[in-house]
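> Residue numbers (full-length UniProt numbering): 1 to 303.
The structure follows.
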């Protein structure tokens, strides 16, 4: 137990460090450029450009760059000029640290016979892939909120991870009536549980066609083609019917937040609100709480 806690603590600290790097990627991203452009990530010219306060341009020293701690100690302000530091720094680091803890924790609880070599390898592979997926979610969400765009490179990266995940699930026979869906046995109600390849590509096709119709009908006011590409990538990652649940939750949560923003006079009804972050959050909810959400749904409607 003590060893397990120690490992998760190390993972959390490593996640914070990764989150600090992701903040650099997000804040220095420029639309039309590569997400991981060395010149942008390293500042003007090279990788070694030191971080500076965006307000007073003071070069930050090492103890001002400690993930989470520096933000809390400095009370969210620059030590040089007192300008407010974006809460994004703290949030991205915290979320990244949480991903490195809760994803392995989820798979450790989900996979039986974890003491066997094959299951240990499966645990490591699935944890690694899903950590990358959720880190990509963090980056795309922050960029979409800031620039109203989901970079093609992130969608391609997610599609690649989905393809790898599909091969892994097929190899370990994580499909059919006993596995492969985060909805558990509820997935049988939606069919297509006999062939893993048909299932996942059907999921991608259905969700992409649905999103394309929404974009065409609303003339791009409801969502953009970046969301369309994200839908295809998530279809390959999640399969059927999980992608349906992720999309449904995304629309519900997105609508609720939109109404809240309007009520608080933060947005107007005609303003654009990015859909990508809500889609990513819907996928996260299905991943961690898919079966519980289905239990709740059937209890609410007395089914």
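Here a beta-carbon is modelled for each residue, glycine too, at the ideal position from N, C-alpha and C.
How many Å lie between residue 27 and residue 244 at the Cα?
Going by the C-alpha atoms only, they are around 32 Å apart.
> Roughly how many angstroms separate the alpha carbons of residue 4 and residue 11, rounded to a whole number?
Taking the straight line joining both Cα atoms gives about 11 Å.
> If you draw a straight line from the alpha carbon of residue 174 to that of residue 9, how long is it in whole angstroms?
Rounded to whole angstroms, residue 174 to residue 9 spans 29 Å at the Cα level.
> Quick check: residue 232 and residue 159, are their CB atoms within less than 9 Å of each other?
Closer than 9 Å, so yes.
> Grouping DSSP H, G and I as helix and E and B as strand, with all else coil, what is residue 77?
Of the three classes helix, strand and coil, the one that applies to residue 77 here is strand, per DSSP.
> How is the alpha helix (DSSP H) around residue 291 delimited, first residue to last?
Looking at the DSSP string, the run of the alpha helix (DSSP H) that includes residue 291 is 276–300.
> From what residue to what residue does the alpha helix (DSSP H) around residue 144 run?
Where residue 144 is concerned, the enclosing alpha helix (DSSP H) stretches over 117–147.
> DSSP three-state call for residue 84: helix, strand or coil?
Residue 84 falls in the strand class under three-state DSSP.
> Within 10 Å of its beta-carbon, does residue 167 have 16 or more other beta-carbons around it, so buried, or fewer, so exposed?
That one is exposed.
> Out of 297, 277, 301, which one is the CA nearest neighbour of residue 134?
Checking every option, the nearest Cα to that of residue 134 belongs to 277.
> According to DSSP, simplified to helix, strand and coil, what is residue 112?
Correct three-state label for residue 112: coil.
> Quick one: using the 10 Å Cβ neighbour count with 16 as the cut-off for buried, is residue 107 buried or exposed?
The residue in question, residue 107, is buried, as its Cβ has 16 or more Cβ neighbours within 10 Å.
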